[in-house]
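Q:
In this note's numbering, the protein residues as written are 1 to 139.
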């Protein structure tokens with residue numbers, strides 16, 4: 001095996017599609033996926049407050065980006081930049097009046113549905129290193 005093949009294999013074993021990690025207890029530290037011997041510990045869940053907030057703002061899926069799927073009422077306006085998903089990053093801004101602006105920066109070719117508050121809004125089709133901005137209304 002080449003180093004790249006081995007690294008890809010290891011990342012595939014420890015990462016979900018959303019890049020959350022899972023851990024096997026190869027150092028015998030009590031963190032394991034083998035629940036027959038001990039409780040499951042998922043470090044991203046234990047220390048994932050930032051990720052929980054991120055997933056309120058956007059949630060990458062295999063063939064879609066879901067924007068503002070669970071926006072709390074307290075966050076009636078705001079912005080976030082550089083949010084990472086497999087294949088690119090996005091910048092997001094939302095306003096009190098319901099306006100939403102999404103900019104997607106493709107790091108590789110993308111063909112994804114863009115969902116806003118659970119509703120299909122557009123299809124993202126971008127080549128590598130391209131970007132595009134969309135404006136929508138949440139209401």
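Even for Gly, the Cβ is constructed at its ideal location relative to N, Cα and C.
Between the segment 113-122 and the segment 62-70, can you find at least three pairs of beta-carbon atoms closer than 8 Å?
A: The segment 62-70 is in contact with the segment 113-122.
Q: Identify the residues that DSSP records as bridge partners of residue 76: which are they?
A: In the DSSP output, where bridge partners are listed per residue, residue 76 has none listed.
Q: Please work out which residues of its chain come closer than 7 Å, Cβ to Cβ, to residue 76, disregarding the five sequence neighbours upstream and downstream, and give them in chain order.
A: Result list for residue 76: 96, in chain order.
Q: Taking the alpha carbon of residue 87 as the reference point, which residue from 79, 132 and 110 has its own alpha carbon closest?
A: Looking at the Cα atoms, 110 is the closest of the given residues.
Q: What are the boundary residues of the beta strand (DSSP E) that residue 111 is part of?
A: Run containing residue 111: 110-116, per the beta strand (DSSP E) assignment.
Q: Would you kindly work out how many angstroms separate the C-alpha atoms of residue 1 and residue 84, rounded to a whole number?
A: Note that residue 1 scores a pLDDT of 41, beneath 50, so its modelled location is shaky; the value from the coordinates is reported in the next line. Rounded to the nearest angstrom, the two C-alpha atoms are 29 Å apart.
Q: Which term fits residue 60, buried or exposed, when burial requires 16 or more other beta carbons within 10 angstroms of its beta carbon?
A: Classification for residue 60: buried.
Q: From residue 105 to residue 51, what does the alpha carbon distance come to, in whole angstroms?
A: The alpha-carbon atoms of residue 105 and residue 51 are separated by roughly 20 Å.
Q: Could you pull out every residue in the same chain whose Cβ sits closer than 8 Å to the Cβ of residue 132, ignoring the five residues on either side in sequence?
A: Answer for residue 132: 103, 104, 124 and 126, listed in chain order.
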